[in-house]
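According to UniProt numbering, the residues represented by the sequence shown are 1 to 437, in order.
These notes are about the structure you will find just below.
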Amino acid sequence: MADLRNNFVGIKSPNPFWLASAPPTDKAYNVERAFKAGWGGVVWKTLGEEGPPVVNVNGPRYGAIWGADRRLLGLNNIELITDRDLYTNLREMKQVKMNWPDRALIASIMVPCEEESWKAILPLVEETGADGIELNFGCPHGMSERGMGAAVGQVPEYIEMVVRWCKQYTRMPVITKLTPNITDIRKPARAAKAGGTDAVSLINTINSIVSVDLDNFAPNPTVGGKGTHGGYCGPAVKPIALNMVAEIARDPETYGMPISGIGGITTWRDAAEFLVLGSGNVQVCTAAMTYGFKIVQEMITGLSSWMDAKGHRDLDDICGRAVPNVTDWQYLNLNYIAKAKIDQDACIKCGRCHIACEDTSHQAITQFVNGVRHFEVMEDECVGCNLCVNVCPVENCITMVGLEPGVLDQRTGKPVDPNYANWTTHPNNPMAKQAAE
Numbered sequence: 001m002a003d004l005r006n007n008f009v010g011i012k013s014p015n016p017f018w019l020a021s022a023p024p025t026d027k028a029y030n031v032e033r034a035f036k037a038g039w040g041g042v043v044w045k046t047l048g049e050e051g052p053p054v055v056n057v058n059g060p061r062y063g064a065i066w067g068a069d070r071r072l073l074g075l076n077n078i079e080l081i082t083d084r085d086l087y088t089n090l091r092e093m094k095q096v097k098m099n100w101p102d103r104a105l106i107a108s109i110m111v112p113c114e115e116e117s118w119k120a121i122l123p124l125v126e127e128t129g130a131d132g133i134e135l136n137f138g139c140p141h142g143m144s145e146r147g148m149g150a151a152v153g154q155v156p157e158y159i160e161m162v163v164r165w166c167k168q169y170t171r172m173p174v175i176t177k178l179t180p181n182i183t184d185i186r187k188p189a190r191a192a193k194a195g196g197t198d199a200v201s202l203i204n205t206i207n208s209i210v211s212v213d214l215d216n217f218a219p220n221p222t223v224g225g226k227g228t229h230g231g232y233c234g235p236a237v238k239p240i241a242l243n244m245v246a247e248i249a250r251d252p253e254t255y256g257m258p259i260s261g262i263g264g265i266t267t268w269r270d271a272a273e274f275l276v277l278g279s280g281n282v283q284v285c286t287a288a289m290t291y292g293f294k295i296v297q298e299m300i301t302g303l304s305s306w307m308d309a310k311g312h313r314d315l316d317d318i319c320g321r322a323v324p325n326v327t328d329w330q331y332l333n334l335n336y337i338a339k340a341k342i343d344q345d346a347c348i349k350c351g352r353c354h355i356a357c358e359d360t361s362h363q364a365i366t367q368f369v370n371g372v373r374h375f376e377v378m379e380d381e382c383v384g385c386n387l388c389v390n391v392c393p394v395e396n397c398i399t400m401v402g403l404e405p406g407v408l409d410q411r412t413g414k415p416v417d418p419n420y421a422n423w424t425t426h427p428n429n430p431m432a433k434q435a436a437e
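Next comes the structure, spelled out in structure tokens:
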């Protein structure tokens, strides 16, 4: 059986599944139940500095996006950091760590961007026995208007400065949580590394308004007739998160830096995708809020079964395996040719492939053959775009088949070139022409 034990920057846990800093990790009651369900670690809901607790709204805190079957695809959240007293949280964290010494317990922290504020809270957190800290530089609402959260995460110089403070004033490993609300995720990651961070975690929530109440003309969730932007999370953000994780994992300046992957992880497969793209472990929130803590059991079983089936012994066998295969568009092989193929036995003749191809693509799929309803790919028109694969409701009914070198491509009338060629050397590329001249 695959070994799922995780060692992330020296923080050990029985599996790579951690609960992210959010409502599910707001108190000892929740965290204890999560550990009983099987979670390998938790990042405690973000702590603020000593003093009057943060004030949250006392009304709706979530907006939602659903699929056609009412399946939750994304949540918009306007809740702030913990509104419980700092010392109450610290006492509970200490007790939980004593009760569960084999589980990872990370303290998420957000205090003003002032050295004294960080210097004051770090010893308090360290005294709990927490395994590490996560710097919340991602929250896009409420706290950012106060100069914290994403307001720090969007300025690489601030990130580097605060990370340096934390490395100076604590023995605990420092994980820097990055905001996705930025043009180039590599810049804040590089800044965190320059500051001495032990790892980064990403993504935090995406700034968003998910819907508008067309009766009250206010964004959802609506609080007393008004709404605001919030943080978007859930399955819908997974593609954005995967890309940002991969960008950091393959960047020469941050290559090898430990990454805790976050963003829409709902199944073991989601987790595996984050791991192979460079994450050392994963954090989950929305899935637990949707299906409960026991969803981790399916994640553990699924990941272990897949690893067993593929012959992967432990997490080191899979972490980062896909990173070398992530490249820029300009390096893709322009001599690779593929065509769509429809399995006539599996086809239910719904016509969606034809409609998509006919109306919005390359008019390469028939609707009738000899007067009979029949869907088939015309290879002399097919450019291999695979739109038909994605709109077909029958799994594996339509597949993409690569043409072997030397085989005639009916669309171009030329044989498939066996040599690798990309845009950097293509004769139509103005930059390539200039280089040749």
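For every residue, glycine included, the Cβ atom is placed at its ideal position computed from N, Cα and C.
Worksheet entry | Segments assigned alpha helix (DSSP H), at least 4 residues, entirely inside the segment 271-317 | Counting only runs of 4 or more, we get 286-291, 295-310.
Worksheet item: Can you tell which of I265, I342, A322, S117 has the C-alpha that lies nearest to the C-alpha of V401?
Response: Distance check between V401 and each of I265, I342, A322, S117 places I342 closest, using alpha-carbon atoms only.
Worksheet item: What is the DSSP secondary structure of P219, counted as helix, strand or coil?
Response: Secondary structure at P219: strand, using DSSP grouped into helix, strand and coil.
Worksheet item: So what does DSSP say about K27, is it helix, strand or coil?
Response: K27: coil per DSSP, three-state reduction.
Item to complete: Have a look at the DSSP bridge pairing and note the partners of I182.
Response: None; I182 has no bridge partner.
Discussion item. Tell me the residue span of the alpha helix (DSSP H) that contains V163.
Written reply: Run containing V163: 156-169, per the alpha helix (DSSP H) assignment.
Worksheet entry | Reference residue 442, options A421, A20, I206, F137, closest by Cα | Outside the shown range of the chain (1 to 437) lies residue 442, about which nothing can therefore be said.
Worksheet item: Do L73 and W66 have their CB atoms nearer than 8 Å?
Response: Cβ distance < 8 Å, so L73 and W66 count as in contact.
Worksheet item: Taking the alpha-carbon positions, what's the G224 to G230 distance?
Response: G224 and G230: Cα-Cα distance of roughly 16 Å.
Worksheet item: So, using beta-carbon positions, are M244 and P180 closer together than 8 Å?
Response: Contact check for M244 against P180 passes: the beta carbons are separated by less than 8 Å.
Worksheet item: Does the Cβ of L105 have 16 or more other Cβ atoms within 10 Å, making it buried, or fewer, making it exposed?
Response: Of the other Cβ atoms in all chains shown, 16 or more fall within 10 Å of the Cβ of L105; this residue is therefore buried.
Discussion item. Could you compute how far the alpha carbon of T286 sits from the alpha carbon of Q297?
Written reply: Taking the straight line joining both Cα atoms gives about 16 Å.
Worksheet item: Taking DSSP as the reference, what is the three-state secondary structure of A245?
Response: Correcting the residue identity first, residue 245 is Val in this sequence and not Ala. If DSSP states are grouped into helix, strand and coil, V245 belongs with the helices.
Practice prompt. Assign K45 to one of two classes, buried (16 or more other C-beta atoms within 10 Å of its C-beta) or exposed (fewer than that).
Written response: Per the 10 Å Cβ criterion, buried.
Fill in: Touch test, the segment 187-196 against the segment 47-64, Cβ-Cβ under 8 Å, three pairs minimum
Segments in contact, no.
Discussion item. Nearest by alpha-carbon distance to R250: which of V210, A421, P324 is it?
Written reply: Ranking the options by Cα distance to R250, first place goes to P324.
Discussion item. As a quick exercise: from W423, N6, E79, pick the residue whose alpha carbon is nearest that of T222.
Written reply: For the residues W423, N6, E79, the minimum Cα distance to T222 belongs to E79.
Worksheet entry | the segment 362-382 contacting the segment 312-332, beta-carbon criterion three pairs below 8 Å | The segment 362-382 makes no contact with the segment 312-332; the number of CB pairs closer than 8 Å stays below 3.
Worksheet item: From E247, Y169, T205, pick the residue whose C-alpha is nearest to that of G264; which is it?
Response: The shortest Cα separation from G264 among E247, Y169, T205 belongs to T205.
Worksheet item: Would you call the CB atoms of T128 and V163 closer than 8 Å?
Response: The beta carbons of T128 and V163 sit no closer together than 8 Å.
Worksheet item: Shortest alpha-carbon distance to L403 belongs to which of L334, R146, Q367, P140?
Response: Per the Cα distances, L334.
Discussion item. So for W423, helix, strand or coil by DSSP?
Written reply: Correct three-state label for W423: helix.
Fill in: Residues bridged to E134 (per DSSP)
Note: E134 sits in a beta bridge opposite S108, I175.
Worksheet item: Is Y331 helix, strand or coil when you go by DSSP?
Response: In this structure, Y331 counts as helix in the three-state DSSP scheme.
Practice prompt. Have a look at F17 and A150 and give me their C-alpha separation to the nearest angstrom.
Written response: Rounded to whole angstroms, F17 to A150 spans 25 Å at the Cα level.
Item to complete: Locate the alpha helix (DSSP H) running through S117, then write down its first and last residues.
Response: S117 -> alpha helix (DSSP H) spans 115-126.
Item to complete: Could you tell me the distance, in whole angstroms, from the CA atom of T82 to the CA atom of G302?
Response: Distance between the alpha carbons of T82 and G302: 33 Å.
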